[in-house]
Amino acid sequence: MYSSKQISKGSFFLPKLKRFNPLITIVRRAISPVKLTPEEWIKVIKPAEPIVELHGISKQFGGVQALRGVDFQLFPAEVHALVGENGAGKSTLVKILAGIHRPDEGSLKVDGKAIELRSPTQAQSLGIAVVQQEPMLFPDLDVAENVFMARQPRDRFGRIDWKRMYREVDQLLASLDVSFSSHTPVQGLSIAEQQLVEIAKALSIQARVLVLDEPTAALSAHEVDELFAIVKQLRERGVAILFVSHRLDEVFAIADRLTVFRDGTHIITTPVSQITTEETIKHMVGRELSNFFPKGEAEIGEVVLEVRHLTRPGVFADVNFQLHRGEILGFAGLMGAGRTEVARVLFGIDQAANGEIWLKGKQVRIRSPQQAMNYGIAYVPEDRHQQGLIMNFSIATNITLSILQKVSHLGLINPNQEQQIAQEYANQLSIRTSGIGQLVNALSGGNQQKVVLSKWLATNPSVLILDEPTRGIDVGAKAEVHRITSDLASRGLAIILISSELPEVLAMADRVVVLHEGSISGTFTRSEATQERVMFAATGQDR
Amino acid sequence: MTTTSQDVERTRQRSHVNQARLISRVSRVRESGLLIALIFIIIVVGIQAPRFLSVDNFVQILLSVAILAIVAVGETLVVLTRNVDLSVGSMVGFTAFVTAYFFKELPGINLLLGILLGCALGLILGIVNGLIVSFGRVPAIVATLGTLYAYRGLVFITAANTTSQVNASDVPAGYLALATTQILGIPALILIAAIIAIIVGYFLRSSHAGRQLYAIGSNPDAANVIGIRKERLVFGAFAASGLLCGLAGVLWGARYATVDATNATGLELQVIAAVVVGGVNIFGGSGTILGAVLGAIVLGTVENALNILNISQFWLQALYGAAIIGAVVLDALITRWLQRTILARRKKA
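So the protein sequences, as listed, match chains A and B. So the first sequence is residues 5 to 547, counted in my numbering. So the second sequence is residues 695 to 1043, counted in my numbering.
Pasting the structure below:
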């Protein structure tokens, strides 16, 4: 099953003519204008077999198709970058390689042998080491034990050989040039140092495949340089490195080849020398727009909220924007760009160190969510389960939770009034239910989202912040959330829409603010905003 | 690179290593802190009441905590994995009663057989706990709260159908001698507790399974990713706790001689107090057997001192409570201090 999308520069002949792979490579290299070094010629004449080969891999989570028939090859001594938007399927592929998820369809070969990866341990025994975005370590134990846990060297009596363990780990650490020792407790290490511990772990199992999932997300520029030095060193030793990232400048600095995923499909695989940043971004974006509900007409009124030079050190800096009545302001950006963090400050969960927030022409300080609500700000968080809803309460109780004063007299809740108000919103947002007494955990994702919305609308806000309002809900419910959002804007609400789905932002927003690593890298009006422009700004490329 | 810069580099690295060692030693601070607290108590009480300082009194203290220490060792295994065993008091009570009754009914029986019976009984009770927690996926605090009552109920049922009380005169002298015998001048009870602590401490330090108990408590998800079989190990910890409670029950019957259905009621709270005071993190992942045993000794010393100073027994409850809270607060402070020290070190580097 090959869709037309998959036929691309990198893999055009490969599906049918895999056996003649070396020949194709020779021909392709011969006709390519790139001059080859002697080492490269050796590789061409006697090409290495791929260490890892994925064929037709598909994976579904709930209703979401994370990967669709993906092909992928990883060769020894290459740094292979995997790029794509949020939700393109990169992390799913990583987790399949790590043995955490098992694909629904497709085959996996290691060293040319078909293999079913059943567990992380099995992946490790095959020499596949994965450094997750968030290192998975034991904070209470020291570095050496973290490297060797469950595999500690033993003496002839079967006792753990602590001396040998510390010696071996110190040797590994010496080759990585780190500033901590095998005795250091992991508790106090920075994320960068914890990644180095993971890499030391990979070295200790003599990994031939090293998967780095967004390794630079939490690192400073200097730490990135150090990491890259290690990556290059490993490549020289013949390790195959899969480098998952959305920082294109880093990809072009370190990778030999590059693969783009979009919407769970393989788009292209190519040497980085054969592609430009612009072309890469073009491949990354370009999702279908048809499923998205465009925003309806709304009269844009006066400025409701203005933010000036808002800064929270280490998280975001110098954020400026204006939000008008009846406007939907889209917040675009990649994971960790600081979008949610700005919202949290506006809602008083976190405090900004510097900057001003102006509401309806008056400067305000928002110290708590309670205060934010009093100012008429409502925030619908990303994680409905943890922050938005009490799952084993009824719909009615959830909706009136934020306005208890309104429905109670002398501190006691008036059930009739509670029911009445809840019913009103349930009707308004057409929550599909057997009755508002139904428990929230029995509802679908889309209907749950509507309950959250009702809860915040009940506070009668003038500013509504929606953080990933359609994540994890099906297409139908999505369209409905879009319709409701648009409807709210036309009734004069000022809305900030944070979304990782570019098409959603482009369809819904009157203006788009793009964040890149904590600062605004672009602001576009509806007519200016294209997927490519926004993605350029989101990846921090200058145009 | 010139020689001097190499030297500088080497010195820099060495100082890093030294600092790291220093910090790793801090993890043992709680145990040395506990020792200091213990010595402090001994000196203060010793000045008030010189007879507190006699060798005989110290032996009495150790005798009084030996059984508690054995149970605390088992409890430590469970707590390290981020679980808790609340049923230890009932397990000790049940095995003590059954063992004593067994010796009463069959006075001629081999002593070892009775001991093994008690241990086996404890092991079975521990296995039931382990099955409920590990494979039934019931939170440990709920599961063992249930078995705390269920096992105590078993003692009452047994007592109702047999005898309400086993007296010292009912059991063979050989059984009672377990608690009074001395080997090389040291009471057997203390020796048994010490041997148990050394064996389990050694297991925790030097075996794969022992280290994996720490891993599970420290970060269960990470343990899973590297293929540690969490269910099995947690099950093993509960079974071991039961086994040690069985042994403790056998010794309990020998030491107190008169055993009824309510014996060892409330022991679980003393055990958890000892473990927590001993620096075992109640959320798992860190702590040592040495710490737990020291915790038991500190609590025993406090109790003994209160007796000698003629302070009301009622104070004891309040002091247990204060010790638990103090230990947890101290734990939090040390963790914070540790992180700040490392942060400061990084800024300097």
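Glycine included, each C-beta is placed from N, C-alpha and C at the ideal position. These numbers were taken from a predicted model, which means no experiment stands behind them.
(message) Taking 6 Å as the limit between beta carbons, can you name the residues of its chain near residue 551 of chain A, skipping five residues before and five after?
(response) Within the shown structure, residues of chain A are numbered from 5 to 547, placing residue 551 of chain A beyond reach of any answer.
(request) Whole angstroms is fine: what's the gap from residue 906 of chain B's alpha carbon to residue 865 of chain B's? (result) As a working mapping, residue 906 of chain B is identified with position 212 in the second sequence. As a working mapping, residue 865 of chain B is identified with position 171 in the second sequence. A direct Cα-to-Cα measurement between residue 906 of chain B and residue 865 of chain B gives close to 42 Å.
(request) Give me the Cβ distance between residue 218 of chain A and residue 137 of chain A, rounded to the nearest whole Å; I'm assuming they're in contact under 8 Å. (result) The residue labelled residue 218 of chain A in the question sits at position 214 within the first sequence. The residue labelled residue 137 of chain A in the question sits at position 133 within the first sequence. Contact holds; Cβ gap of about 5 Å.
(message) Going by C-alpha to C-alpha distance, which of A:283, A:248, A:288 sits closest to residue 266 of chain A?
(response) The residue given as residue 266 of chain A occupies position 262 in the first sequence. Checking every option, the nearest Cα to that of residue 266 of chain A belongs to A:288.
(request) Report yes if the CB atom of residue 954 of chain B is closer than 7 Å to the CB atom of residue 859 of chain B, and no otherwise. (result) In the second sequence, residue 954 of chain B corresponds to position 260, counting from 1. In the second sequence, residue 859 of chain B corresponds to position 165, counting from 1. A contact, by the Cβ cut-off of 7 Å.
(message) Would residue 517 of chain A and residue 533 of chain A qualify as a contact pair, given that the criterion is a beta-carbon distance under 7 Å?
(response) Residue 517 of chain A sits at position 513 when you count from the first residue of the first sequence. Residue 533 of chain A sits at position 529 when you count from the first residue of the first sequence. Contact annotation: residue 517 of chain A and residue 533 of chain A have beta-carbon atoms that are not nearer than 7 Å.
(request) Please list the residues of the segment 908-921 of chain B that have a C-beta atom closer than 7 Å to any C-beta atom in chain A, keeping them in chain order. (result) Considering only beta carbons, the part of the segment 908-921 of chain B lying closer than 7 Å to chain A consists of 908, 909, 912, 913, 915, 916, 919, 920, 921, in chain order.
(message) Given this structure, state the Cα-to-Cα distance separating residue 119 of chain A from residue 922 of chain B, to the nearest angstrom.
(response) In the first sequence, the residue the question calls residue 119 of chain A occupies position 115. In the second sequence, the residue the question calls residue 922 of chain B occupies position 228. So the two alpha carbons sit approximately 22 Å from each other.
(message) Quick check on the DSSP output: the alpha helix (DSSP H) that includes residue 915 of chain B runs from which residue to which?
(response) Counting from one through the second sequence, the residue named residue 915 of chain B turns up at place 221. Residues 914-919.
(request) Kindly indicate the opening and closing residues of the alpha helix (DSSP H) around residue 187 of chain A. (result) For the purposes of this step, residue 187 of chain A is identified with residue 183 of the first sequence, where counting begins at 1. Counted as a single uninterrupted DSSP element, the stretch harbouring residue 187 of chain A is not any alpha helix (DSSP H), since DSSP gives it neither H nor E.
(request) Could you name the residues of chain A that residue 906 of chain B contacts, counting a contact when the two beta carbons are closer than 9 Å? (result) Reading the second sequence from its first residue, position 212 is the one you call residue 906 of chain B. Near residue 906 of chain B (Cβ distances below 9 Å), the residues of chain A are 153, 154.
(request) Find the residues of chain A that neighbour residue 727 of chain B, judging by a C-beta separation of less than 7 Å, and give them in chain order. (result) Numbered from 1 along the second sequence, position 33 holds the residue referred to as residue 727 of chain B. For the C-beta of residue 727 of chain B, not a single chain A residue is nearer than 7 Å; the gap to the nearest is close to 18 Å.
(message) Applying the 10 Å Cβ sphere with the 16-neighbour rule, what's the burial state of residue 806 of chain B?
(response) For the purposes of this step, residue 806 of chain B is identified with residue 112 of the second sequence, where counting begins at 1. It is exposed - the Cβ of residue 806 of chain B has fewer than 16 other Cβ atoms within 10 Å.
(request) Quick one: residues in its chain with C-beta nearer than 6 Å to the C-beta of residue 510 of chain A, no 5 flanking neighbours on either side, listed in chain order? (result) By 1-based counting over the first sequence, the position of residue 510 of chain A is 506. Apart from the 5 residues on each side of it in sequence, residue 510 of chain A sits with its Cβ closer than 6 Å to the Cβ of 533 in its chain, given in chain order.
(request) Taking residue 286 of chain A as part of the alpha helix (DSSP H), name the residues at either end of that continuous run. (result) Sequence index remark: in the first sequence, residue 286 of chain A carries index 282 (1-based). Counting along the chain, the unbroken alpha helix (DSSP H) around residue 286 of chain A starts and ends at 281-288.
(request) With a threshold of 16 other CB atoms inside 10 Å of the CB of residue 197 of chain A, please say whether the residue is buried or exposed. (result) Here residue 197 of chain A refers to the residue found at position 193 when the first sequence is read from its first residue. Counting every other CB atom within 10 Å of its CB across the protein chains shown gives residue 197 of chain A a total of 16 or more, marking it as buried.
(message) Helix, strand or coil for residue 6 of chain A? Go by DSSP, reduced to three states.
(response) By one-based count along the first sequence, residue 6 of chain A stands at place 2. Caution is warranted here: a pLDDT of 40 is assigned to residue 6 of chain A, below 50, making its placement in the model unreliable, and no coordinate value can be reported.
(message) Output needed for residue 527 of chain A: all residues of its chain with C-beta closer than 6 Å, excluding positions within five of it in sequence on either side, in chain order.
(response) The residue given as residue 527 of chain A occupies position 523 in the first sequence. Cβ within range, chain order: 517.
(request) Could you give the DSSP three-state label for residue 50 of chain A: helix, strand or coil? (result) The residue you call residue 50 of chain A lines up with position 46 of the first sequence. Confidence at residue 50 of chain A is low in this model, with a pLDDT of 49, below 50, so its placement is unreliable and no value can be given for it.
(message) Distance check for residue 520 of chain A and residue 543 of chain A, CA to CA, integer angstroms please.
(response) As a working note, residue 543 of chain A is residue 539 in the first sequence. As a working note, residue 520 of chain A is residue 516 in the first sequence. Their Cα atoms are separated by approximately 7 Å.
(message) Check whether chain B comes within 7 Å of residue 101 of chain A, counting only Cβ atoms and requiring the distance to be less than that.
(response) Residue 101 of chain A sits at position 97 when you count from the first residue of the first sequence. Interface with chain B (7 Å Cβ-Cβ cutoff): residue 101 of chain A is excluded.
(request) Tell me whether the beta-carbon of residue 934 of chain B lies closer than 7 Å to the beta-carbon of residue 771 of chain B. (result) In the second sequence, the residue the question calls residue 934 of chain B occupies position 240. In the second sequence, the residue the question calls residue 771 of chain B occupies position 77. Yes, the pair counts as a contact, with Cβ atoms nearer than the cut-off.
(message) Measuring only the C-alpha atoms, how far is residue 370 of chain A from residue 379 of chain A?
(response) Along the first sequence, one-based indexing puts residue 370 of chain A at 366. Along the first sequence, one-based indexing puts residue 379 of chain A at 375. Taking C-alpha positions only, residue 370 of chain A is separated from residue 379 of chain A by approximately 9 Å.
(request) Note down the Cα distance separating residue 481 of chain A from residue 358 of chain A, rounded to an integer number of angstroms. (result) The sequence position of residue 481 of chain A within the first sequence is 477, counting from 1. The sequence position of residue 358 of chain A within the first sequence is 354, counting from 1. Cα-Cα distance, rounded: 39 Å.
(request) Locate the alpha helix (DSSP H) running through residue 366 of chain A, then write down its first and last residues. (result) To locate residue 366 of chain A, count along the first sequence from 1; it is residue 362. Looking at the DSSP string, residue 366 of chain A is not in any alpha helix (DSSP H); the run it does join, the beta strand (DSSP E), is 366-368.
(request) Label residue 490 of chain A either buried or exposed according to how many other C-beta atoms from any shown protein chain fall within 10 Å of its C-beta, with 16 as the threshold for buried. (result) Here residue 490 of chain A corresponds to residue number 486 of the first sequence, with the count starting at 1. The residue is buried, with at least 16 neighbouring Cβ atoms inside 10 Å.
(request) Please determine, among A:95, A:105, A:116, the residue with the shortest C-alpha to C-alpha distance to residue 80 of chain A. (result) The residue labelled residue 80 of chain A in the question sits at position 76 within the first sequence. Sorting A:95, A:105, A:116 by C-alpha distance to the C-alpha of residue 80 of chain A places A:116 at the top.
(message) Counting only beta-carbon separations shorter than 7 Å, does residue 168 of chain A have a partner in chain B?
(response) Reading the first sequence from its first residue, position 164 is the one you call residue 168 of chain A. Not closer than 7 Å to any Cβ of chain B, the Cβ of residue 168 of chain A fails to qualify, so no.
(message) Give me the residue from A:275, A:186, A:132, A:445 with the minimum Cα distance to residue 146 of chain A.
(response) By one-based count along the first sequence, residue 146 of chain A stands at place 142. A:186 is the residue among A:275, A:186, A:132, A:445 whose C-alpha sits nearest the C-alpha of residue 146 of chain A.
(message) Can you give me the C-alpha to C-alpha distance between residue 339 of chain A and residue 502 of chain A, rounded to a whole angstrom?
(response) Position 335 of the first sequence holds residue 339 of chain A. Position 498 of the first sequence holds residue 502 of chain A. The straight-line gap from Cα to Cα measures roughly 11 Å.
(request) Mind checking which residues open and close the alpha helix (DSSP H) that includes residue 139 of chain A? (result) The sequence position of residue 139 of chain A within the first sequence is 135, counting from 1. That residue, residue 139 of chain A, is in no alpha helix (DSSP H); it is neither H nor E in DSSP.
(request) Indicate the three-state DSSP secondary structure (helix, strand or coil) for residue 299 of chain A in the structure shown. (result) To locate residue 299 of chain A, count along the first sequence from 1; it is residue 295. Residue 299 of chain A falls in the coil class under three-state DSSP.
(message) Rounded to whole angstroms, what is the Cα-Cα separation between residue 360 of chain A and residue 349 of chain A?
(response) Residue numbering aside, residue 360 of chain A sits at position 356 when the first sequence is read from its first letter. Residue numbering aside, residue 349 of chain A sits at position 345 when the first sequence is read from its first letter. Taking the Cα positions, residue 360 of chain A is about 11 Å away from residue 349 of chain A.
(request) Please list the segments of the alpha helix (DSSP H) lying wholly inside the segment 299-365 of chain A, counting only runs of 4 or more residues, in order along the chain. (result) Runs found: 343-350.
(message) Quick check on residue 239 of chain A - is its C-beta less than 7 Å from some C-beta in chain B?
(response) For this step, residue 239 of chain A is matched to residue 235 along the first sequence. No, no contact with chain B.
(message) Please identify, using Cβ separations under 9 Å, the residues of the segment 887-907 of chain B that lie next to chain A, in order along the chain.
(response) Here the close residues are 896, 899, 900, 901, 902, 904, 905, 906.
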